[in-house]
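Asker: Structure provided below as structure tokens; questions to follow.
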Amino acid sequence: MKSRPTLTLIAAISKDGFISQGQGVPWNLPRDKAHFRRVTAGQWLLLGRRTYEEMLGWFRDHHPLVLTRDPNFVPFVGKAVSSVGEALQVAGEQGARGLFICGGSGAYAAAMPLADRLLLTHVDLVLGGGVPFPDFQAGDWHQAGWEAFPADVENPHAMVIAAYERLRDRVPA
Ligand SMILES: NC(=O)c1ccc[n+]([C@@H]2O[C@H](COP(=O)([O-])OP(=O)(O)OC[C@H]3O[C@@H](n4cnc5c(N)ncnc54)[C@H](OP(=O)(O)O)[C@@H]3O)[C@@H](O)[C@H]2O)c1
């Protein structure tokens, strides 16, 4: 049987668990942007409708899918889907080996139960509130990679880029 695409959540998160303070990302970190560009190049992506609209104009060789509850929403680029399961099905039918969940909060929360991998940039900054990254059980995940970067002239906050893999068997779509 053909397996479904591997589902990876990719996010940058503050120390207190937030991804945004309402509009855009709340930091300017060229190192994290380069990491995001490198990992997602040429890939199938799933974005919540708000994040998709913020990122319009950014897509190049990507295959964006847009998560929305609006059956009439027609994206300029890519295709609208109503669930993570539908996104996996659409990407899988096109031969995708992976699907990257690029936020925001709603898309991460919907995808977390099915996620196989987390690629998290832990930003050394406390925001005190905002749009949350969903809770996840540390015990469900194995830390597969970890790289720390100090703040520098271009990147005002230190960060750790970490990869986690789900410990139990992959949840079927
Ligand atoms: N730090 C990071 O790594 C990171 C990454 C991505 C985004 N962000 C930031 O996060 C913020 C946006 O996050 P957000 O949570 O407000 O918005 P979002 O998840 O990008 O988009 C919300 C919209 O997605 C659709 N949606 C969400 N959950 C759904 C579900 N379960 N089923 C069907 N449709 C669903 C709905 O669209 P409709 O209203 O069309 O029905 C909803 O209004 C922005 O500021 C963005 O810059 C940060």
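Numbering of the sequence shown is given in the working numbering, commencing with residue 1 and proceeding in unit increments. No residue lacks a Cβ here, since even glycine has one placed at the ideal position from N, Cα and C. Keep in mind that this is a model prediction, so the values were computed, not measured.
Of the residues Leu-67, Met-159, His-63, His-62, which one's Cα is nearest the Cα of Thr-51?
Answerer: On the sequence shown, position 51 is the one that residue 51 refers to. The option with the nearest alpha carbon to Thr-51 is Leu-67.
Asker: Which residue comes first and which comes last in the beta strand (DSSP E) that contains Phe-100?
Answerer: Indexing the sequence shown from 1 puts residue 100 at position 100. It spans 98 to 101 - the beta strand (DSSP E) in which Phe-100 sits, taken as one unbroken run.
Asker: Among Asn-72, Phe-76, Arg-69, which residue has its Cα nearest to the Cα of Phe-59?
Answerer: If you number the sequence shown from 1, residue 59 lands on position 59. Closest option to Phe-59, Cα to Cα, is Phe-76.
Asker: Phe-73: beta carbon under 7 angstroms from a heavy atom of ligand 1?
Answerer: Residue numbering aside, residue 73 sits at position 73 when the sequence shown is read from its first letter. Phe-73: yes, Cβ under 7 angstroms from ligand 1.
Asker: Return yes when the Cβ of Pro-132 is within less than 8 angstroms of the Cβ of Phe-18, no when it is not.
Answerer: Within the sequence shown, numbered from 1, the residue matching residue 18 stands at position 18. Within the sequence shown, numbered from 1, the residue matching residue 132 stands at position 132. Yes. Within cutoff.
Asker: Do Ala-110 and Val-126 count as a contact pair if the criterion is CB distance below 8 angstroms?
Answerer: Within the sequence shown, the letter at position 126 stands for residue 126. Within the sequence shown, the letter at position 110 stands for residue 110. In this structure, Ala-110 does not lie closer than 8 angstroms to Val-126 by Cβ.
Asker: Would you say Ile-10 faces chain D, with C-beta separation under 8 angstroms as the test?
Answerer: No chain D is present in this structure, which holds just one protein chain.
Asker: Can you tell me whether Arg-69 is buried or exposed? The criterion is at least 16 other CB atoms within 10 Å of its CB, across all chains shown.
Answerer: As a working note, residue 69 is residue 69 in the sequence shown. Classification of Arg-69: exposed, given that the 10 Å Cβ count is below 16.
Asker: Would the beta-carbon of Gly-103 fall within 8 angstroms of that of Gly-48?
Answerer: On the sequence shown, position 103 is the one that residue 103 refers to. On the sequence shown, position 48 is the one that residue 48 refers to. Yes, they are a contact pair.
Asker: According to DSSP, is Val-77 part of a helix, a strand, or is it coil?
Answerer: As a working note, residue 77 is residue 77 in the sequence shown. Of the three classes helix, strand and coil, the one that applies to Val-77 here is coil, per DSSP.
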